[in-house]
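Novice: Got a structure for you, questions after.
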Amino acid sequence: MSLKIALAGNPNCGKTTLFNALTGSNQFVGNWPGVT
């Protein structure tokens with residue numbers, strides 16, 4: 001069984017930063033909408 005979680009929110013509100021912190025990943029982030 002696998003677990004699926006979604007992060008939804010406004011652009012540039014820290015979703016990718018939270019994802020990186022929780023998973024130990026290093027997804028690219030930028031200070032403009034639409035980067036990730």
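For the record, in the sequence shown the residue sitting at position 9 is 9 according to UniProt numbering, with numbers rising by one throughout.
Think of the CB as a built atom: it goes at the ideal place given N, C-alpha and C, for glycine as much as any other residue.
Straight-line CA distance for Trp32 to Asn10?
Specialist: Cα-Cα distance, rounded: 12 Å.
Novice: For Leu18, name the three-state secondary structure that DSSP assigns.
Specialist: Leu18: helix per DSSP, three-state reduction.
Novice: Under the three-state reduction of DSSP, which class applies to Thr36: helix, strand or coil?
Specialist: Note: Thr36 maps to coil in three-state DSSP.
Novice: Could you tell me the distance, in whole angstroms, from the CA atom of Asn26 to the CA atom of Lys4?
Specialist: So the alpha carbons of these two residues sit roughly 19 Å apart.
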